[in-house]
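Visitor:
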Amino acid sequence: MAEKSWVRMVTAQTPTNIAVIKYWGKRDETLILPVNDSISVTLDPAHLCTTTTVAVSPSFDQDRMWLNGKEISLSGGRYQNCLREIRAQACDVEDEEKGIKIAKKDWENLHVHVASYNNFPTAAGLASSAAGFACLVFALAKLMNAKEDNSELSAIARQGSGSACRSLFGGFVKWIMGKAEDGSDSLAVQLVDEKHWDELVIIIAVVSSRQKETSSTTGMRDSVETSLLLQHRAKVAYTFDAGPNAVLIAHNRKAATQLLQKLLFYFPPSSDADLNSYVIGDKSILKDAGIEDMKDVEALSPPPEIKNAQRSKGDVSYFICTKPGRGPVLLSDESQALLHPETGLPK
Ligand SMILES: Nc1ncnc2c1ncn2[C@@H]1O[C@H](COP(=O)(O)OP(=O)(O)OP(=O)(O)O)[C@@H](O)[C@H]1O
Ligand SMILES: C[C@@](O)(CCOP(=O)(O)OP(=O)(O)O)CC(=O)O
Numbered sequence: 299m300a301e302k303s304w305v306r307m308v309t310a311q312t313p314t315n316i317a318v319i320k321y322w323g324k325r326d327e328t329l330i331l332p333v334n335d336s337i338s339v340t341l342d343p344a345h346l347c348t349t350t351t352v353a354v355s356p357s358f359d360q361d362r363m364w365l366n367g368k369e370i371s372l373s374g375g376r377y378q379n380c381l382r383e384i385r386a387q388a389c390d391v392e393d394e395e396k397g398i399k400i401a402k403k404d405w406e407n408l409h410v411h412v413a414s415y416n417n418f419p420t421a422a423g424l425a426s427s428a429a430g431f432a433c434l435v436f437a438l439a440k441l442m443n444a445k446e447d448n449s450e451l452s453a454i455a456r457q458g459s460g461s462a463c464r465s466l467f468g469g470f471v472k473w474i475m476g477k478a479e480d481g482s483d484s485l486a487v488q489l490v491d492e493k494h495w496d497e498l499v500i501i502i503a504v505v506s507s508r509q510k511e512t513s514s515t516t517g518m519r520d521s522v523e524t525s526l527l528l529q530h531r532a533k534v535a536y537t538f539d540a541g542p543n544a545v546l547i548a549h550n551r552k553a554a555t556q557l558l559q560k561l562l563f564y565f566p567p568s569s570d571a572d573l574n575s576y577v578i579g580d581k582s583i584l585k586d587a588g589i590e591d592m593k594d595v596e597a598l599s600p601p602p603e604i605k606n607a608q609r610s611k612g613d614v615s616y617f618i619c620t621k622p623g624r625g626p627v628l629l630s631d632e633s634q635a636l637l638h639p640e641t642g643l644p645k
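This note's numbering puts the first residue of the sequence shown at 299, with every later residue one more than the last.
1. For the putative contact between residue 370 and residue 457, defined by C-beta atoms under 8 Å, what is the C-beta separation to the nearest angstrom?
2. Kindly indicate the opening and closing residues of the alpha helix (DSSP H) around residue 592.
3. Evaluate residue 310 with the Cβ neighbour count: other Cβ atoms within 10 Å of its Cβ, from every protein chain shown; 16 or more gives buried, anything less gives exposed.
4. Could you tell me how far apart the beta carbons of residue 375 and residue 522 are, in whole angstroms, since I believe they sit closer than 8 Å?
5. With a 10 Å radius around its C-beta and 16 neighbouring C-beta atoms as the bar for buried, classify residue 602 as buried or exposed.
6. Less than 8 Å between the beta carbons of residue 356 and residue 625, yes or no?
7. How about the region 457-471 and the region 578-591: do they share at least three Cβ pairs that are nearer than 8 Å?
8. Alpha helix (DSSP H) containing residue 616: first to last residue?
9. Are the CB atoms of residue 562 and residue 591 nearer to each other than 8 Å?
10. For the putative contact between residue 384 and residue 466, defined by C-beta atoms under 8 Å, what is the C-beta separation to the nearest angstrom?
11. Would you please state the rounded distance, in angstroms, between the beta carbons of residue 546 and residue 503? I believe it to be under 8 Å.
12. Can you grab the Cα-Cα spacing for the pair residue 580 / residue 644, in whole Å?
13. What is the rounded straight-line gap between the Cα of residue 241 and the Cα of residue 390?
14. Short check: CB of residue 610 to CB of residue 564, under 8 Å?
15. Classify residue 448 as buried or exposed, calling it buried when 16 or more other Cβ atoms lie within 10 Å of its own Cβ.
16. Assign residue 464 to one of two classes, buried (16 or more other C-beta atoms within 10 Å of its C-beta) or exposed (fewer than that).
17. Grab the span of the alpha helix (DSSP H) containing residue 383 for me, first residue to last.
18. Which whole-angstrom value describes the C-beta separation of residue 484 and residue 500, a residue pair presumed to lie in contact below a C-beta threshold of 8 Å?
19. Please work out which residues of its chain come closer than 7 Å, Cβ to Cβ, to residue 431, disregarding the five sequence neighbours upstream and downstream, and give them in chain order.
20. Are residue 307 and residue 637 closer than 8 Å when you measure CB to CB?
21. Taking Cβ to Cβ, would you say residue 497 is nearer than 8 Å to residue 550?
22. Suppose contacts are defined by Cβ-Cβ distances below 8 Å. Is residue 388 in contact with residue 642 by that definition?
23. Would residue 526 be called buried (16 or more neighbouring beta carbons within 10 Å of its own) or exposed?
24. By Cβ distance, which residues of its chain are closer than 8 Å to residue 594, with the 5 residues on each side in sequence left out?
25. Run the CB neighbour count on residue 403, radius 10 Å, all protein chains shown included, and call it buried at 16 or more, exposed below.
26. Restricting to Cα atoms, I'd like to know which of 453, 469, 490 is closest to residue 482.
27. Suppose the cutoff is 7 Å on Cβ atoms and the five residues either side in sequence are ignored; what does the same chain contact list for residue 493 look like?
28. Excluding the 5 residues flanking residue 416 on each side, which residues of the same chain have their C-beta closer than 6 Å to its C-beta?
29. Work out the CA separation of residue 400 and residue 373 for me, nearest whole Å.
30. Which runs of the alpha helix (DSSP H) fall wholly inside the region 460-496 and span at least 4 residues, in chain order?
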């Protein structure tokens, strides 16, 4: 290894995903092995994503992480498992331009800094752990020149949070539960990419973006311990994740436009809200629905199927309109890095 002054950095961006056949229940809590296969849609990172910068330098004296600008501890088992597994896959790295040479064996003694930012609420039932752990593992793999493909990396991200394994791919993704006791065959594969069904629109009604009272980890543990019906559950598809926020999937733009009109009729924004921040993400659906300002929302007519329809003003905090999106990418533009290129500390 060359002398102490250098910092090597990698920045990556990873999407969230929403399961349509849900993972709910583990057969192994430590390795995070599920009791059923699950299938998800990766959401467009233009609307919901995690950006993570990872850095290594001989001058770092411990592994450190900043999440959304605040330092957090990496001592938890899930972070430790991911760090250990990805270090085991690290390879030689040579950057002639910067005069950096790291041999495979050096990685055991080198520390990393991680800065991560979610552009949506964390721990609120919008799959921050999925995008977060996928991004951490993907970025570290690139930093350490690991040769694993995204399916193999998904088996590492899975040990951070189960649903994270599916965020290693865009489009429609299956997490194969696997059978092996060591978890080596419990990984994600892409079914089809995001272009396969590009008419699909996903509208998330964010009812609350506060931190959930019950984490998915605890909720599914309770289900495994108490529910006799759990083994039959994965024949059912539904659209609520672990939290109050409804995820509505429309099969094409026309259906999405009609759906948004009905949603805005029933759940208009509170009087002080503005439409621009009430419907975020892909705003073109608003335009297709003929809604340009609050006057258009007020003028929406009641859906004919319900008599005496009541409007619930302010019950939904905001709507996110999104669509199937791509998998992880590296961001090569240094201005998008979250760590300083010389100190390796948050910018
Ligand atoms: N960007 C990130 N990088 C690394 N870890 C993250 C990141 N964002 C969130 N996490 C981890 O995930 C935890 C939140 O996971 P949790 O399952 O409680 O919520 P969620 O993933 O947002 O919701 P859900 O899984 O129900 O959709 C955080 O406490 C943190 O440990
Ligand atoms: C309802 C779900 O979103 C549950 C996700 O749970 P997590 O993946 O957050 O749980 P841990 O593995 O304990 O971290 C369904 C799904 O994504 O399949």
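Here a beta-carbon is modelled for each residue, glycine too, at the ideal position from N, C-alpha and C.
Guide: Taking the structure as given:
1. In this structure, residue 370 and residue 457 do not form a Cβ contact; the two beta carbons are roughly 18 Å apart against a cut-off of 8 Å.
2. First-last of the alpha helix (DSSP H) with residue 592: 592-596.
3. By the 10 Å Cβ count, residue 310 comes out buried.
4. Your pair residue 375 and residue 522 does not check out as a contact, with CB atoms roughly 19 Å apart and the cut at 8 Å.
5. The residue in question, residue 602, is exposed, as its Cβ has fewer than 16 Cβ neighbours within 10 Å.
6. No, they are not a contact pair.
7. By the C-beta criterion, the region 457-471 is judged not to be in contact with the region 578-591, since fewer than 3 inter-stretch pairs fall below 8 Å.
8. Taken as a continuous stretch (DSSP letters only), residue 616 belongs to no alpha helix (DSSP H), being part of the beta strand (DSSP E) at 616-620.
9. Against a cut-off of 8 Å, the Cβ pair of residue 591 and residue 562 comes out as no contact.
10. Their Cβ separation, rounded to whole angstroms, is 13 Å, which puts residue 384 and residue 466 out of contact at 8 Å.
11. Here residue 546 really is in contact with residue 503; their C-beta atoms are around 7 Å apart, less than 8 Å.
12. Going from the Cα of residue 580 to the Cα of residue 644 covers about 31 Å.
13. Examination of residue 241 is not possible in this model, given that the chain is present from 299 through 645 alone.
14. Yes, the pair counts as a contact, with Cβ atoms nearer than the cut-off.
15. The residue is buried, with at least 16 neighbouring Cβ atoms inside 10 Å.
16. With 16 or more Cβ atoms within 10 Å of its Cβ, residue 464 is classed as buried.
17. Looking at the DSSP string, the run of the alpha helix (DSSP H) that includes residue 383 is 375-386.
18. No, residue 484 and residue 500 are not in contact; Cβ-Cβ is about 26 Å, not under 8 Å.
19. Taken in chain order, the residues that qualify are 380, 455, 458, 459, 462.
20. In this structure, residue 637 lies closer than 8 Å to residue 307 by Cβ.
21. It is a contact, given that the beta carbons lie within the stated cut-off.
22. Remark: C-beta atoms of residue 388 and residue 642 do not approach each other more closely than 8 Å.
23. By the Cβ neighbour-count rule, residue 526 is exposed, with fewer than 16 other Cβ atoms within 10 Å of its own.
24. Contacts found: 588.
25. With fewer than 16 Cβ atoms within 10 Å of its Cβ, residue 403 is classed as exposed.
26. When only C-alpha atoms are compared, the closest one is 453.
27. A distance below 7 Å between beta-carbons, with the five flanking residues on each side excluded, links residue 493 to no residue of its chain.
28. Taken in chain order, the residues that qualify are 348, 426.
29. Using only the alpha carbons, I get a separation of about 25 Å.
30. Counting whole runs of 4 or more residues, the region 460-496 contains no alpha helix (DSSP H) stretch at all.
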